[in-house]
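Residue numbers (the working numbering): 20 to 506. Please read the structure below before turning to the comments.
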Amino acid sequence: MSSSLAIYNSLSRAKEPFEPLHPGIATIYVCGPTVYGHAHLGHAKSYVSFDVVVRWMRHLGLKVKYVQNITDVGHLTDDADEGEDKIQKQARLEKTEPMEIAQYYTRSFYEDMDRLGVERPNIAPTATGHIPEQIALVERLVESGHAYESGGNVYFDVNSFAGYGKLSGRTDQAALQSGGRVAERSDKRNPSDFALWKKAEAGHIMKWNSPWGEGYPGWHLECSAMSMKYLGETIDIHGGGMENKFPHHDCEIAQSEAATGKPYVRCWMHNNMVTVDGVKMGKSLKNFVNLKELFDTFAPLVIRFFILQSHYRSPLDFSEAAIKASQSGFEKLQETYKRLLEATPGEGVDTFKMFIAEDKIVEALNDDFNTPIAISKIFEFVKVLNGALDRPQGLSSKSIDRSIALLETYAGEVLGILKSRDELLSGESGESARTLDEVMEVLLELRKEARANKDFATSDKIRDLLLQRGIEVKDTKEGATWSKKKA
RNA sequence: GGUGAAGUGGCCGAGUGGCUAGGCAGAGGUCUGCAAAACCUCGUACAGCGGUUCGAAUCCGCUCUUCACCUCCA
20 MSSSLAIYNS LSRAKEPFEP LHPGIATIYV CGPTVYGHAH LGHAKSYVSF DVVVRWMRHL
80 GLKVKYVQNI TDVGHLTDDA DEGEDKIQKQ ARLEKTEPME IAQYYTRSFY EDMDRLGVER
140 PNIAPTATGH IPEQIALVER LVESGHAYES GGNVYFDVNS FAGYGKLSGR TDQAALQSGG
200 RVAERSDKRN PSDFALWKKA EAGHIMKWNS PWGEGYPGWH LECSAMSMKY LGETIDIHGG
260 GMENKFPHHD CEIAQSEAAT GKPYVRCWMH NNMVTVDGVK MGKSLKNFVN LKELFDTFAP
320 LVIRFFILQS HYRSPLDFSE AAIKASQSGF EKLQETYKRL LEATPGEGVD TFKMFIAEDK
380 IVEALNDDFN TPIAISKIFE FVKVLNGALD RPQGLSSKSI DRSIALLETY AGEVLGILKS
440 RDELLSGESG ESARTLDEVM EVLLELRKEA RANKDFATSD KIRDLLLQRG IEVKDTKEGA
500 TWSKKKA
């Protein structure tokens, strides 16, 4: 039968069979957003990718515990130790409180993710809600000699942890300093040491009491503390963007493993970037595509489909032309699904290769979540289905059912790129939709009569006028159908 | 300077020793009053130069180019 799930582990730089630490249960932590602005396409790529990871594992029968944090402590805008708290800065710009900024953009984030069909994590902890846990972790590191206080700041002593930099390959600290842009700090023992706790400067709003005075946690700390709290000291998978390998994830490893003496993460997964004209899309570069704006032009599911047509470890280049191409493909898939749902069972024997299609999809997803291959196999299947549906003998009722089930399982439940039956069949619900249905019925009846009388001028006029209003009429063997076209 | 990743047909985007990726766009055809959709057919693709091999887009070496990270970032 099909091979089992293998995942590319960034730490070992190889694909490895996935075996959860506790049989049947997978623990996953994914770095969440810092909530000081609306989500952009880059966030979408990351969370859609991990959504498929979670959905696939659940499909395989694993119980998945999925934690994704919300970073609502503003870390700094600038150098490692300079600059302003990002959330505080945004609050100043919007003339409000940091808390309001964090909550406003948290809601905005989930709104966008919901529209993309991204399932909510089981636990979505906030950094500000876990200050005691973070302080406790710092204390543990100070007690064990891996961290030291210096003027109200607490730093992790990089020299006390042998494997520092093993994830990113940046193990030579001397080399790192020579060409790096990290400014030297006088109160650090080593330039590579990173802050676990930072003293609050005057005017800093988000701050808490700690054994080292008023301050706030370092930006690598929350993930370690919350991951350990909810998933245990060793977790199966930690995911995030590639740009976070260093320093963020390397620091997480160092502070976690130094504290517990256990492996922190068994498999690291890193998704690649969205680029615009070949350059990374990022908040700081100001070239990002806001999801809410993008949704005005393209349906969220089209964006999801566009994202999943490339592999999570490959960069994805954004362009309107590319998304439009995806949109056409996406609509084709929905059309075939709709045809199946509306098909009248025929005599056609189900000779088409459904099981082969299924095996290949399973194989692709088991191979490090290869969604583009899975989608390509779905399209091969779509072609077979359309061909069969075109033939007079059609498909047997058993074939129709099995085909629908296959699409709903893989395109729907796992990849999340299938419109719902309701949306597809009725377009919209409610009274106005019913009225529209009735009006359309009348129009199509009139047009049918005109065509029967060979009055093509009238029939074409009806079709053209409807098309101008975004309603497309198609003549099929079974009669005319209509559908609303997206912009 | 250091650490990684990558260069595939008009565009997007998989693959990674021999066997069709797929989508979009384009050409021709079938069907249709015409459209649309669908289906069929059509592409001298793998940055360049060497090497290994019976055989390389796929492995090795060199060259060129691009990107990411080394500062917050999904």
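Note that CB positions come from ideal geometry on N, CA and C, so glycine has one too.
### Task
Determine the DSSP secondary structure at Lys248, reduced to helix, strand or coil.
helix
### Message
Could you pull the DSSP bridge partners for Ser502 from this structure?
### Response
Glu491
#### Entry: Residue ranges of each alpha helix (DSSP H) within the region 71–145, 4 or longer
105–112 and 117–134
### Proximity to Gly184 [Cα-Cα], best of Thr454, Ile419, Trp501 and Leu30
With distances taken between Cα atoms, Gly184 lies closest to Leu30.
### Query
Would Val177 pass as a contact of Val67 if the rule is Cβ separation under 9 Å?
no
### Presumed contact (8 Å Cβ cut-off) between Leu384 and Val461, rounded CB distance
Contact flag wrong, Cβ pair sits at about 46 Å.
### Task
Kindly list the residues whose CB is nearer than 6 Å to the CB of Phe400, restricted to its own chain and excluding five residues on each side of it in sequence; keep chain order.
Ala376
### Message
On the DSSP letters alone, give me the boundaries of the alpha helix (DSSP H) that Val214 sits inside.
### Response
The question names Val, yet the displayed sequence has Ala at residue 214. That residue, Ala214, is in no alpha helix (DSSP H); its beta strand (DSSP E) goes Phe213 to Lys218.
### Buried or exposed (CB count within 10 angstroms, at least 16 for buried), Phe388
buried
### Message
For the alpha helix (DSSP H) containing Tyr356, name the first residue and the last one.
### Response
Looking at the DSSP string, the run of the alpha helix (DSSP H) that includes Tyr356 is Glu339 to Glu361.
### Query
How is Asp336 classed by DSSP in three states: helix, strand or coil?
Of the three classes helix, strand and coil, the one that applies to Asp336 here is strand, per DSSP.
### Task
Report the three-state DSSP secondary structure of Thr253 (helix, strand or coil).
coil
### Task
Locate the alpha helix (DSSP H) running through Glu422, then write down its first and last residues.
In the sequence on display, residue 422 carries Ser and not Glu. In this chain, the alpha helix (DSSP H) harbouring Ser422 covers Ser416 to Leu425.
#### Entry: Ala45 beta carbon less than 9 Å from that of Glu35
no
### Query
Cα-Cα, which of Leu327, Ile423, Asp456 and Gln412 is closest to Ala63?
Leu327
### Task
Can you say whether Phe374 is buried or exposed, counting buried as having 16 or more other CB atoms within 10 angstroms of its CB?
Within 10 angstroms of the beta-carbon of Phe374 lie fewer than 16 other beta-carbons, which makes it exposed.
### Task
Return the chain-ordered list of same chain residues with a C-beta closer than 8 Å to the C-beta of Gly56, the five sequence neighbours on each side being excluded.
Gln109, Tyr124 and Lys302
### For Arg285, three-class secondary structure by DSSP
strand
### Message
So for Ala45, helix, strand or coil by DSSP?
### Response
DSSP places Ala45 in strand when its eight states are reduced to three.
### Query
To the nearest whole angstrom, what separates the beta carbons of Lys264 and Ser187, a pair I think is in contact under 8 Å?
The pair is a contact, with the Cβ atoms about 5 Å apart (cut-off 8 Å).
#### Entry: Run of the alpha helix (DSSP H) containing Thr316, from where it starts to where it stops
Leu310 to Thr316
### Task
Kindly indicate which residue of Ile224, Thr363 and Lys473 has the alpha-carbon position closest to the one of Tyr235.
Cα-wise, what sits closest to Tyr235 is Ile224.
#### Entry: Segment contact, 8 Å Cβ cut-off, at least three pairs: the region 111–130 with the region 76–94
yes
#### Entry: Phe37 in three-state terms, based on DSSP
coil
### Query
What separation, rounded to the nearest whole angstrom, lies between the Cα atoms of Met300 and Tyr356?
34 Å
### Task
Consult DSSP for Glu168 and reduce its assignment to one of helix, strand or coil.
strand
### Exposed unless 16 or more other CB atoms sit within 10 angstroms - verdict on Lys217
buried
### Task
For Ala202, name the three-state secondary structure that DSSP assigns.
Unreliable placement is indicated for Ala202, whose pLDDT of 47 sits below 50; no coordinate value is reported for it.
### Query
Rounded to a whole number of angstroms, what is the C-alpha to C-alpha distance between Lys496 and Ile47?
50 Å
### Task
Could you check the C-alpha separation between Gly489 and Asp104 for me, to the nearest Å?
Their backbone Cα atoms lie some 47 Å apart in a straight line.
### Assigned secondary structure, Ser197 (DSSP; H/G/I helix, E/B strand, else coil)
With a pLDDT of 45 at Ser197, under the threshold of 50, the modelled position of this residue cannot be trusted; read the value that follows with caution. Of the three classes helix, strand and coil, the one that applies to Ser197 here is helix, per DSSP.
#### Entry: Close Cβ partners of Ala393 (< 6 Å) along its chain, the five nearest in sequence each way excluded
Ile380, Ala383 and Leu384
### Task
Report the option in Tyr429, Thr53, Phe324 and Tyr27 whose CA atom is closest to the CA atom of Asp378.
Tyr429
### Task
Ignore the nearest five residues each way along the sequence and tell me which others in Val293's own chain have a CB closer than 6 Å to its CB.
Short of 6 Å from the beta carbon of Val293, and not among the five residues preceding or following it, lie these beta carbons of its own chain, in chain order: Leu60, Gly61, Lys64, Met300, Leu335 and Phe337.
### Query
If we ignore side chains and look at the alpha-carbon of each, how far apart do Gly164 and Ile150 end up?
Rounded to whole angstroms, Gly164 to Ile150 spans 21 Å at the Cα level.
### Task
Below 8 Å on the Cβ atoms is my guess for His8 versus His239; work out the distance and round it to an integer in Å.
No answer is possible for residue 8: it lies beyond the span of the chain, which begins at 20 and ends at 506.
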